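Numbering (the numbering used here), first residue to last: 106 to 205.
C-beta: ideal position from N, C-alpha, C; glycine also.
Here the structure is a predicted model, which means the values were calculated and not measured.
Read the structure below first, then the notes.
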């Protein structure tokens, strides 16, 4: 883990800015797709559905993720709960929380 004092120093901030800039450049298409959806939500009133498109669970208590199957089509998204989004990226699913 990075020392908190170093990360807050001028050198630490400079290194972090460089890392973030390289990441943005390496993933420009993905970042643009995220930007398009964020703006559609903020400026155009795009509303995600209330349930995950795959499992139909997670009503209201969990924020849905906008999943892009193709970053070249930034407005085409599937709205997934966190667990289904993990699976869509080939990672282990997260156990669904049950609402009381």
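Which residues bound the beta strand (DSSP E) around residue 172? One-based indexing of the chain shown puts residue 172 at position 67. 170-172 is the span of the beta strand (DSSP E), which, as asked, contains residue 172.
Leaving aside the five residues before and after residue 172 along the sequence, list all residues of the same chain whose C-beta is less than 7 angstroms from its C-beta, in chain order. Along the chain shown, one-based indexing puts residue 172 at 67. Around residue 172: 182, 183, 185, 190 and 193.
Work out the CA separation of residue 152 and residue 209 for me, nearest whole Å. Residue 209 lies beyond the range of the chain shown here (106 to 205); nothing can be said about it.
When you compare only the Cα positions, how much space is there between residue 148 and residue 169? Taking the chain shown and counting its residues from 1, one reaches residue 148 at position 43. Taking the chain shown and counting its residues from 1, one reaches residue 169 at position 64. Using only the alpha carbons, I get a separation of about 18 angstroms.
First and last residue of the alpha helix (DSSP H) that includes residue 139? Residue 139 sits at position 34 when you count from the first residue of the chain shown. That run of the alpha helix (DSSP H) goes 133-148.
Considering only DSSP beta bridges, list what residue 185 is partnered with. As a working note, residue 185 is residue 80 in the chain shown. Residue 185 pairs with 170.
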